[in-house]
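S.K.: Dropping the structure in here first, questions after.
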Amino acid sequence: MTERRSGLSRRGFIAGALGTGAAVGAGAALAGCSSPEPAPAAPAPAFVPFEGPHQTGITALPIPERGLVASFNVLSPDRKALTHAFRELSDEIRALMAGRPPEPRDPAYPPVDSGILGEAPPPDNLSVVVGVGASLFDKRFGLADRKPGELVTMPFLANDRLDPKLSHGDLSIIIEAGHADTVIFALRQLMRRTRRHLVLRWMIDGYARGIGAGQVSHTATPRNLLGFKDGTANLDVSDDALMDRHVWVGPDDGEPDWAVGGSYQAIRIIRMFVEFWDRTRLAEQEALFGRVKSTGAPLGMTDEFADPDYASDPDGKRIPLNAHIRLANPRTPETEENLILRRGFNYSRGFDGAGRLDQGLAFVAYQRSLEKGFLTVQRRLKGEPLEEYILPVGGGFFFMLPGVVGADRYLGDELLS
Amino acid sequence: MNRYLAWAAPIAVVGLVLSGCSSDNSTSEETTSATGSATETSSAPAVDPAILDKAAADYKAYAQSNIDELQRVVKVFTDAVRAGDLAAAQAAYAPSRVPWERIEPIAGLVEEIDGKIDARVDDFAGTDDPEFTGWHRLEYLLFEQNTTEGGAPFADQLDKDVADLKAQFPSVQVTPLDVANGAAELIEEVSEGKITGEEDRYSKTDLWDFDANLQGARDAIGKLNPALVKADPALLGEIDAGINSVFDTLAPLRRGDGWVLFCTEDDPYPSPRCPEVTVQPDVIDKLKAELAGLSENLSQVAGVLKLQ
Numbered sequence: 100m101t102e103r104r105s106g107l108s109r110r111g112f113i114a115g116a117l118g119t120g121a122a123v124g125a126g127a128a129l130a131g132c133s134s135p136e137p138a139p140a141a142p143a144p145a146f147v148p149f150e151g152p153h154q155t156g157i158t159a160l161p162i163p164e165r166g167l168v169a170s171f172n173v174l175s176p177d178r179k180a181l182t183h184a185f186r187e188l189s190d191e192i193r194a195l196m197a198g199r200p201p202e203p204r205d206p207a208y209p210p211v212d213s214g215i216l217g218e219a220p221p222p223d224n225l226s227v228v229v230g231v232g233a234s235l236f237d238k239r240f241g242l243a244d245r246k247p248g249e250l251v252t253m254p255f256l257a258n259d260r261l262d263p264k265l266s267h268g269d270l271s272i273i274i275e276a277g278h279a280d281t282v283i284f285a286l287r288q289l290m291r292r293t294r295r296h297l298v299l300r301w302m303i304d305g306y307a308r309g310i311g312a313g314q315v316s317h318t319a320t321p322r323n324l325l326g327f328k329d330g331t332a333n334l335d336v337s338d339d340a341l342m343d344r345h346v347w348v349g350p351d352d353g354e355p356d357w358a359v360g361g362s363y364q365a366i367r368i369i370r371m372f373v374e375f376w377d378r379t380r381l382a383e384q385e386a387l388f389g390r391v392k393s394t395g396a397p398l399g400m401t402d403e404f405a406d407p408d409y410a411s412d413p414d415g416k417r418i419p420l421n422a423h424i425r426l427a428n429p430r431t432p433e434t435e436e437n438l439i440l441r442r443g444f445n446y447s448r449g450f451d452g453a454g455r456l457d458q459g460l461a462f463v464a465y466q467r468s469l470e471k472g473f474l475t476v477q478r479r480l481k482g483e484p485l486e487e488y489i490l491p492v493g494g495g496f497f498f499m500l501p502g503v504v505g506a507d508r509y510l511g512d513e514l515l516s
Numbered sequence: 004m005n006r007y008l009a010w011a012a013p014i015a016v017v018g019l020v021l022s023g024c025s026s027d028n029s030t031s032e033e034t035t036s037a038t039g040s041a042t043e044t045s046s047a048p049a050v051d052p053a054i055l056d057k058a059a060a061d062y063k064a065y066a067q068s069n070i071d072e073l074q075r076v077v078k079v080f081t082d083a084v085r086a087g088d089l090a091a092a093q094a095a096y097a098p099s100r101v102p103w104e105r106i107e108p109i110a111g112l113v114e115e116i117d118g119k120i121d122a123r124v125d126d127f128a129g130t131d132d133p134e135f136t137g138w139h140r141l142e143y144l145l146f147e148q149n150t151t152e153g154g155a156p157f158a159d160q161l162d163k164d165v166a167d168l169k170a171q172f173p174s175v176q177v178t179p180l181d182v183a184n185g186a187a188e189l190i191e192e193v194s195e196g197k198i199t200g201e202e203d204r205y206s207k208t209d210l211w212d213f214d215a216n217l218q219g220a221r222d223a224i225g226k227l228n229p230a231l232v233k234a235d236p237a238l239l240g241e242i243d244a245g246i247n248s249v250f251d252t253l254a255p256l257r258r259g260d261g262w263v264l265f266c267t268e269d270d271p272y273p274s275p276r277c278p279e280v281t282v283q284p285d286v287i288d289k290l291k292a293e294l295a296g297l298s299e300n301l302s303q304v305a306g307v308l309k310l311q
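Just so you know, the sequences run in chain order L and B. Residues are numbered in this note's numbering as their position in the first sequence, beginning at 1, plus a constant of 99. Residues are numbered in this note's numbering as their position in the second sequence, beginning at 1, plus a constant of 3.
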């Protein structure tokens, strides 16, 4: 495990624009676990701290099994009301992440707490993170001169067919927890608290399997719904220097002061045509990704974490030049600045009019610069043969508010004050 | 149809005692005035019971007078159907519903009346289900099939059902809790049924209902005004402001003494009556937020007044 972990840390590369990122802490999750057994138990569920220089849910470990992205339109009439909404939101997130128990109330009132977690919400690795979309910086709230430099409404990129009902928004909220009921509880509490201000625009939920996913599998790299390991070379969130370099906006980045410590978030709802994929020859599937399906190793190799060694394969005889992992991360010194942190989840939400399952990946990536990060990676992937099997149908670009420290602080306070 | 269930829900909640929450988890600043008194578990009434009893009596009288009006405007509608005058029947459809929509939750306490006169096609196997009667059966005929032919039996039935309502309503017991719940339920009605366009999917006259629901909520709160002024004037202020803001948002949609047809983007019930969008998505979003805020405030009324 230790070996694997250092391997991850040392390479610190991304595998591309597909992936749940849940493998990111493949060993780091064990930090607090003293068990010597070869398949140690997952760490006990905990309350994730709310306060910190960055929103803690972006890098918290373990990555819990359930995730939900909700995008909202903000209906607050003015800046003052918007400020109130962010105070309410922060206070509720603070309470939820700490597992603040409900108090008894006169039964003539409706219970404010939905009660679905009982009398005291148990620790379940719950985290909630909040981002703001480019549209929040329009004329409504007088924030236009405070917009982060690279924040735009997500454009149509290669192969995209963005559904307006699944795209963009003034605000993104991502909730992660060990169980679906914890996620639902948090969502309902947050919405109840902010109903006057926030109207749901779109929402998608799903699962991550990998770190913390169970007794046996919690150290394994998760697989996407195409059956391939995804996140093998994700960034190691326990490496602070790496996070500073690739994820957090720094003081010298030319961004507004309030934005320092924040991060750009790219959300992509990527539908996968799973029936079509399942009818595709294994050899072709592996060539499209550039990895062995069973082990996750680069083609021609046996170790999942081995360097693909593109230098030895300049003509793409072993790993095709247009394989997903090769395009996404060429592993050259020049492309190192394009590394991004992935933390998404798989989704499954019924079926379409043709009877095909509607499944795919809620891809979520964090980066210090959208241009250097996701957008560059996406440009390299444009036209990749894998496009035939996937279709980006939604998502959006958001800027993750910096974290806060202090009881009187709230998310977005420096943006709004 | 699920109005019956929704109506019963607040009463069932009474048993769920301890799943409540601290003021930290309260809904928002606008309601903290209400939740402030939440942790008190006093059996002493919040206000003089006589004031509450008067509110209930006044509200019953209000409902009664709306039922009288209902009988009159429904007859205008049904007469037009029976006379085979399609244009007149179409014109009379939406106004014939207004008094009902003002008092629907309380009138719905008369057994089965809602299912008979105001059920939607979704509650039946199809439009030709013989159990499918009332306004929406006629709406289907007049606006989807564009005829009055075959409508007379449904018109007669509607008159009869409304007459039954009028006959039975005096025996309905109206409590102060019914008044508080009635106001809340009317706003839930709007949020669930009107804003989606499902209520009047053929005629597209949802805004007539919307307005009437809102009037009914305003009037129910009006009856509770003397009690709320004493128990929680801040909450009352929020509720009044909330109702007014919805009226203000609706105001630009007024046309004469009626409303624009409710034609929304990506309408799940497309109709030739809607060649263009009349209610824009941003207006819908605004209404959603205003109604949701209002609902949260109205949900506190029973608690503030300690109604059991």
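The beta carbon of each residue, even a glycine, is placed where N, CA and C say it ideally should be.
1) Is it the case that the stretch 281-296 of chain L contacts the stretch 500-514 of chain L, given that we only count it when at least three CB pairs across the two stretches are under 8 Å?
2) By the three-class DSSP mapping on this structure, what secondary structure does ASP451 of chain L have?
3) Considering ARG75 of chain B, what are the terminal residues of the alpha helix (DSSP H) in which it resides?
4) How would you list, in chain order, the residues of chain L whose beta-carbon sits under 7 Å from the beta-carbon of SER302 of chain B?
5) At a Cβ threshold of 7 Å, is LEU239 of chain B touching chain L?
6) For a cutoff of 7 Å on Cβ pairs, would you count ASP205 of chain L as touching chain B?
7) Only counting the same chain, and skipping five residues up and downstream in sequence, which positions put a Cβ closer than 7 Å to that of LEU112 of chain B?
8) Under 7 Å Cβ-Cβ, which residues of chain L neighbour LYS291 of chain B?
9) Taking a cut of 8 Å between CB atoms, which residues from the stretch 191-224 of chain B lie near chain L?
10) Could you check the C-alpha separation between THR164 of chain B and ALA91 of chain B for me, to the nearest Å?
11) Indicate the three-state DSSP secondary structure (helix, strand or coil) for ARG370 of chain L in the structure shown.
12) Under a CB-based cut-off of 7 Å, is ARG295 of chain L close to chain B?
13) Please determine if the stretch 418-433 of chain L and the stretch 375-393 of chain L are in contact, where contact requires at least 3 C-beta pairs separated by less than 8 Å.
14) Can you find the residues in the same chain that come closer than 6 Å, C-beta to C-beta, to PRO148 of chain L, ignoring five residues on each side of it along the sequence?
15) Taking the straight line between their C-alpha atoms, what separation do you get for ASP214 of chain B and LEU89 of chain B?
16) Quick one: is ILE215 of chain L buried, meaning 16 or more other Cβ sit within 10 Å of its Cβ, or exposed?
17) Tell me whether ASN247 of chain B is buried or exposed, calling it buried when 16 or more other Cβ atoms sit within 10 Å of its Cβ.
18) Around the Cβ of GLY306 of chain B, are there at least 16 other Cβ atoms within 10 angstroms (buried) or fewer (exposed)?
19) For GLU253 of chain L, which of L:VAL492, L:GLY505, L:ARG322 and L:ARG199 has the nearest alpha-carbon?
20) In three-state terms, what does DSSP make of TYR509 of chain L?
21) If I measure Cβ to Cβ from ASP280 of chain L and keep anything under 7 Å in the same chain, skipping five residues before and after, which residues do I get?
22) With a cut-off of 8 Å on the beta carbons, I'd call ILE272 of chain L and VAL227 of chain L a contact; round off their distance for me.
23) Just grab the DSSP bridge partners of TYR205 of chain B for me.
24) Please state the DSSP three-state secondary structure of ARG300 of chain L.
25) Is there at least one Cβ from chain L nearer than 7 Å to GLU299 of chain B's Cβ?
26) Let me know the secondary structure DSSP gives ASP351 of chain L once reduced to three states.
27) Out of B:HIS139, B:PRO179 and B:ALA95, which has the shortest C-alpha to C-alpha gap to GLY225 of chain B?
28) From GLN364 of chain L to TYR465 of chain L, what does the alpha carbon distance come to, in whole angstroms?
29) List, in order along the chain, the chain L residues whose C-beta lies closer than 9 Å to that of ALA305 of chain B?
30) Would you give the residue range spanned by the beta strand (DSSP E) that ASN333 of chain L belongs to?
31) In chain order, what residues of the same chain lie with their CB nearer than 8 Å to the CB of ALA197 of chain L, ignoring the 5 residues before and after it?
32) Can you have a look at GLU164 of chain L and say buried or exposed, based on whether 16 or more other CB atoms are within 10 angstroms of its CB?
33) Using a Cβ-Cβ cut-off of less than 7 Å, list which residues of the stretch 165-184 of chain L approach chain B; keep chain order.
34) Hey, does LEU253 of chain B have any beta-carbon neighbour from chain L nearer than 7 Å?
35) Below 8 Å, can you find three or more Cβ-Cβ pairs linking the stretch 447-459 of chain L to the stretch 357-375 of chain L?
36) So ALA230 of chain B contacts chain L; which residues on that side make the cut at Cβ distance below 7 Å?
M.R.: This is what the structure gives:
1) The stretch 500-514 of chain L, when compared against the stretch 281-296 of chain L, does not touch it at the 8 Å Cβ threshold.
2) Coil, per DSSP.
3) For ARG75 of chain B, the uninterrupted alpha helix (DSSP H) segment begins and ends at 52-85.
4) Within 7 Å Cβ-Cβ: PRO209.
5) Not a single C-beta of chain L is nearer than 7 Å to the C-beta of LEU239 of chain B.
6) Taking CB atoms only, ASP205 of chain L has a neighbour in chain B less than 7 Å away.
7) The answer, listed in chain order, is VAL175.
8) Annotation: Cβ neighbours of LYS291 of chain B in chain L (cutoff 7 Å, chain order): VAL298.
9) Contacts with chain L (Cβ-Cβ distance below 8 Å) from the stretch 191-224 of chain B involve no residue at all.
10) What sits at residue 164 of chain B in the sequence shown is Asp, not Thr. Whole-angstrom Cα-Cα distance: 22 Å.
11) DSSP places ARG370 of chain L in strand when its eight states are reduced to three.
12) At least one chain B Cβ lies under 7 Å of ARG295 of chain L.
13) The stretch 418-433 of chain L vs the stretch 375-393 of chain L: in contact.
14) Excluding sequence neighbours, PRO148 of chain L sits near THR155.
15) If you take the alpha carbons of ASP214 of chain B and LEU89 of chain B, they lie about 25 Å apart.
16) With fewer than 16 Cβ atoms within 10 Å of its Cβ, ILE215 of chain L is classed as exposed.
17) ASN247 of chain B is exposed by the Cβ-count criterion.
18) Classification of GLY306 of chain B: buried, given that the 10 Å Cβ count is 16 or more.
19) Reading off the sequence shown, one finds Met at residue 253 of chain L, where the question assumed Glu. Nearest of L:VAL492, L:GLY505, L:ARG322 and L:ARG199 to MET253 of chain L, Cα basis: L:VAL492.
20) In the structure shown, the three-state DSSP call for TYR509 of chain L is coil.
21) Answer for ASP280 of chain L: ILE215 and LEU216, listed in chain order.
22) The beta-carbon separation of ILE272 of chain L and VAL227 of chain L, rounded to 6 Å, stays under the 8 Å limit for a contact.
23) TYR205 of chain B has no beta-bridge partner at all, per DSSP.
24) Residue state, collapsed to three classes: strand.
25) Yes, because at least one Cβ of chain L sits closer than 7 Å to the Cβ of GLU299 of chain B.
26) Here ASP351 of chain L sits in coil by DSSP.
27) If we check each option's Cα against that of GLY225 of chain B, B:PRO179 comes out closest.
28) Rounded to whole angstroms, the gap between the alpha carbons of GLN364 of chain L and TYR465 of chain L is 5 Å.
29) Simply ALA207, TYR208 and PRO209.
30) For ASN333 of chain L, there is no enclosing beta strand (DSSP E), as DSSP marks it with neither H nor E.
31) Taken in chain order, the residues that qualify are PHE146 and PHE149.
32) Buried, since its Cβ has 16 or more Cβ neighbours within 10 Å.
33) Residues ASN172, LEU174 and HIS183.
34) Judged by the 7 Å Cβ criterion, LEU253 of chain B is not in contact with chain L.
35) They touch, by the three-pair rule.
36) None at all; the shortest Cβ gap to chain L is about 13 Å.
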